[in-house]
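Visitor: Line by line, the protein sequences give chains A and B.
For the first sequence, numbering that gives the first Met the number 0 begins at 0 and goes up steadily by one.
For the second sequence, numbering that gives the first Met the number 0 begins at 0 and goes up steadily by one.
By construction, the Cβ of each residue, glycine as well, lies at the ideal position given by its N, Cα and C atoms.
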Amino acid sequence: MYRGPVIDCDVHHARATDEELLEYLSPAWRVYVSDRGPAGIMPLTVQDGLPNPHGFMRADTYPPTGGPAGSDFATMRRQLLDRADVRRAVLTFGDDSHVAGHHNPYFATELARALNDWSIDRWLSADLRLASSIIVASQLPDHAAAEIRRHADNPRMVQVMLVDNPFNYPFGHPVFHPIYQAAEETGRPIAIHGGAGGWTNPASTGGGNVNLYFEAHTLWPQVVMTHLVSFISHGVFDKFPGLRLLLIEAGSAWLPSLLWRFDAEYKGLRREVPWLKRLPSEYVSEHVWLTTQPLETSPKRDQVIELLSWIGGDRKLVYSSDYPHWDADELSHVSSRLPEAWHRRVFFENALEFYGWTAADLPASAAMAET
Amino acid sequence: MSTDVGAFAEFTDGRMCVIGVGGREIGIARWNGTVYAVSNRCPHQNGPVCAGILSGRLTAGAPGQLELDAEVPILACPWHGWEFDLRTGKALHDLRHRLHIFPVRVENGRTLVDLGTASKVAMG
Numbered sequence: 000m001y002r003g004p005v006i007d008c009d010v011h012h013a014r015a016t017d018e019e020l021l022e023y024l025s026p027a028w029r030v031y032v033s034d035r036g037p038a039g040i041m042p043l044t045v046q047d048g049l050p051n052p053h054g055f056m057r058a059d060t061y062p063p064t065g066g067p068a069g070s071d072f073a074t075m076r077r078q079l080l081d082r083a084d085v086r087r088a089v090l091t092f093g094d095d096s097h098v099a100g101h102h103n104p105y106f107a108t109e110l111a112r113a114l115n116d117w118s119i120d121r122w123l124s125a126d127l128r129l130a131s132s133i134i135v136a137s138q139l140p141d142h143a144a145a146e147i148r149r150h151a152d153n154p155r156m157v158q159v160m161l162v163d164n165p166f167n168y169p170f171g172h173p174v175f176h177p178i179y180q181a182a183e184e185t186g187r188p189i190a191i192h193g194g195a196g197g198w199t200n201p202a203s204t205g206g207g208n209v210n211l212y213f214e215a216h217t218l219w220p221q222v223v224m225t226h227l228v229s230f231i232s233h234g235v236f237d238k239f240p241g242l243r244l245l246l247i248e249a250g251s252a253w254l255p256s257l258l259w260r261f262d263a264e265y266k267g268l269r270r271e272v273p274w275l276k277r278l279p280s281e282y283v284s285e286h287v288w289l290t291t292q293p294l295e296t297s298p299k300r301d302q303v304i305e306l307l308s309w310i311g312g313d314r315k316l317v318y319s320s321d322y323p324h325w326d327a328d329e330l331s332h333v334s335s336r337l338p339e340a341w342h343r344r345v346f347f348e349n350a351l352e353f354y355g356w357t358a359a360d361l362p363a364s365a366a367m368a369e370t
Numbered sequence: 000m001s002t003d004v005g006a007f008a009e010f011t012d013g014r015m016c017v018i019g020v021g022g023r024e025i026g027i028a029r030w031n032g033t034v035y036a037v038s039n040r041c042p043h044q045n046g047p048v049c050a051g052i053l054s055g056r057l058t059a060g061a062p063g064q065l066e067l068d069a070e071v072p073i074l075a076c077p078w079h080g081w082e083f084d085l086r087t088g089k090a091l092h093d094l095r096h097r098l099h100i101f102p103v104r105v106e107n108g109r110t111l112v113d114l115g116t117a118s119k120v121a122m123g
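1) For the region 287 to 305 of chain A and the region 265 to 279 of chain A, state whether three or more C-beta atom pairs, one from each stretch, are separated by less than 8 Å.
2) Report yes if the C-beta distance between A:L278 and A:L254 is below 8 Å; otherwise report no.
3) Can you tell me where the beta strand (DSSP E) holding B:F10 begins and where it ends?
4) Give the C-beta separation of A:A215 and A:L49 to the nearest angstrom, bearing in mind that I take them to be a contact with Cβ-Cβ under 8 Å.
5) B:V71 to B:I27, Cα distance in whole Å?
6) State the start and end residues of the unbroken beta strand (DSSP E) segment that holds B:T33.
7) Taking C-beta pairs closer than 7 Å, name the residues in chain B that A:Y265 reaches, listed in chain order.
8) Are any of the Cβ atoms in chain A nearer than 8 Å to that of B:V120?
9) Taking a cut of 7 Å between CB atoms, which residues from the region 228 to 258 of chain A lie near chain B?
10) Which residues in chain A have a C-beta closer than 7 Å to the C-beta of B:E82? List them in chain order.
11) Could you check which residue in A:H286, A:H176, A:S319 has the C-alpha nearest to that of A:H332?
12) When DSSP labels each residue in this structure, what does A:W274 get in the three-state scheme?
13) Spatial neighbours of B:A121 within its chain, please: C-beta separation below 8 Å, excluding the five flanking residues on both sides.
14) Listing by chain order, which chain A residues have their CB less than 9 Å from the CB of B:T58?
15) Using a Cβ-Cβ cutoff of 8 Å, what residues of the region 273 to 296 of chain A are near chain D? List them in chain order.
16) Among A:S335, A:E281, A:Y322, A:D321, which has the Cα closest to the Cα of A:K315?
17) My output table needs one value for A:T199: the three-state DSSP class, helix, strand or coil.
18) Check whether the Cβ atoms of A:I189 and A:L114 sit closer than 8 Å, and answer yes or no.
19) Kindly indicate which residue of A:F230, A:H101, A:T204 has the alpha-carbon position closest to the one of A:I191.
20) Which of helix, strand or coil does DSSP assign to A:S320?
21) Which residues in chain A sit within 8 Å of B:A61, going by Cβ to Cβ distance?
22) Mark A:W219 as exposed unless 16 or more other C-beta atoms lie within 10 angstroms of its C-beta, in which case mark it buried.
23) Would you kindly report the start and end of the unbroken alpha helix (DSSP H) that includes B:L85?
24) Can you find at least 3 beta carbon pairs, one from the region 94 to 107 of chain A and one from the region 126 to 141 of chain A, that sit closer than 8 Å?
25) Determine contact between the region 193 to 203 of chain A and the region 158 to 167 of chain A, defined as no fewer than three beta-carbon pairs at a distance below 8 Å.
26) Does A:T74 come out as helix, strand or coil in the three-state DSSP assignment?
27) Taking the runs of the beta strand (DSSP E) that are 3 residues or longer, which of them lie wholly in the region 326 to 362 of chain A?
28) Please state whether the Cβ-Cβ distance between B:P77 and B:G46 is less than 8 Å.
29) Starting from A:G267 and walking both ways along the alpha helix (DSSP H), at which residues does that stretch end?
30) Name, going along the chain, the residues of the region 87 to 111 of chain B whose beta-carbon falls closer than 9 Å to a beta-carbon of chain A.
31) Straight-line CA distance for A:M56 to A:Y322?
32) Using a Cβ-Cβ distance cut-off of 8 Å, determine whether B:L114 contacts chain A.
33) Exposed or buried, what is B:V177 when buried is set at 16 or more other beta-carbons lying within 10 Å of its beta-carbon?
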């Protein structure tokens, strides 16, 4: 098993209570949300309508002191950060990551601002190993861009995260480009996290809205594939050549066949997208990384490794646990499924390259991580 | 060895016509006053490339900003739409794929195609 340094690129942190977030809202929005008499606080999170029969969280991750899974740093530290040589965990929010699913774009914009401040204040201050995503309300892209720029000088706000889709067009559409311009300007990658559904989102799969969580979870990669194809087809990487993209929690073994098809389509349909300068697979090779979780398991280990080799898996995969979700991948599991020759790159060095860090930028060990 | 494929005046600008020469099908295209000769076989799946659309080259400096470079003759194969630059035979998407191009010259109003020194076909 791999025992070297680790960067975990998908760790979900959560609020213990709604009240925890209220202090980060402006006074006016706080009144709007909470002064509802007996109705209580307005719902602050978007909930997908497809419940998981197990619950969405690993049952053992609920803090002994109460509250939702992922809401207590001490529990996270014990169960995740101190179990391996984790040098950095990139926080990706929990239900709050669905802020772009809210129908009210102004409320969503305020929530995103408050959530980012909450993340800095309540989490980044707890441990130097933690870094946070910048969550944005893409309903109002110019405001989202301003939110990204607001964190430009905070090196621990490390990426811009997109989950839900407030428009009926995937993420390559020009309506989203102010977000990418701000991301490129501030040197932040874009991270697309699978799993949006309901509320403002388009159909959860290309064929229509599925009815069971079993279907939805199986098809999560389909949504991310749509965003990836959109990114390249609309020339996002030509317009923003410094932009890097991370695809989170969508798996990866589907990418080779998608790229074979994508390249073939380009050869016949270049006329429709003459702004593209290269084969789609070449854009992916230069600009796109993927997290390991959920690592596809083929009947024989080597089968999926051969597939992943087609996309340079040893260079393009970054480890992610997805803690504390029910389908999180243990480091030991991922370690046992990947070739040893890939370990140091996938568990550590690829993420360093993706985020533009050096090992010296990170805490040297767990003992030095406490602030 | 040069082969006389017809009077230059017989070829209409902007049009492709296919003729049989020595058991081969050769496409003759006239574009902006220049004549091009090309094998009627696409390197992709051996489709009848000369039955495809002949047009200028569409380009774009940015998404959606289409521009036409009318100087460049582009032939799109009717099978799958691969596009080729008739000046070089090279595919626009991948320069390794090429149409078989034959040298052409016009002398005394006649169109002469050199079938013996054809550029090498790149398959695959």
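Guide: Working from what's here:
1) no
2) no
3) Unbroken run through B:F10: none, as it is neither H nor E.
4) 5 Å
5) 15 Å
6) Per DSSP, B:T33 belongs to the beta strand (DSSP E) from 33 to 38.
7) Residues of chain B passing the Cβ test: H92.
8) With a pLDDT of only 36 at B:V120, under 50, the local geometry of the prediction cannot be trusted, and the value read off the model is given with reservation. So no, B:V120 is outside the interface.
9) H233, G234, K238
10) R269, R270
11) Measuring from the Cα of A:H332, the nearest candidate turns out to be A:S319.
12) In the three-state scheme derived from DSSP, where H, G and I count as helix and E and B as strand, A:W274 is classed as coil.
13) Confidence at B:A121 is low in this model, with a pLDDT of 33, below 50, so its placement is unreliable and the value that follows should be read with caution. So the list reads P42, R95, H96, R97, once near-sequence residues are dropped.
14) Near B:T58 (Cβ distances below 9 Å), the residues of chain A are P273, W274.
15) No chain D is present in this structure, whose protein chains are A and B.
16) A:E281
17) coil
18) no
19) A:F230
20) In the structure shown, A:S320 sits in coil (DSSP, three-state: anything other than H, G, I, E or B).
21) G234, D237, K238, W274
22) buried
23) It is not in any alpha helix (DSSP H) - B:L85 carries neither H nor E in the DSSP assignment.
24) Result yes; three or more Cβ-Cβ pairs closer than 8 Å.
25) yes
26) helix
27) none
28) yes
29) 254 to 268
30) Only A90, L91, H92, D93, H96 from the region 87 to 111 of chain B bring a Cβ to less than 9 Å from some Cβ of chain A.
31) 8 Å
32) no
33) As displayed, chain B neither begins before 0 nor continues past 123, which places residue 177 of chain B out of reach and without an answer.
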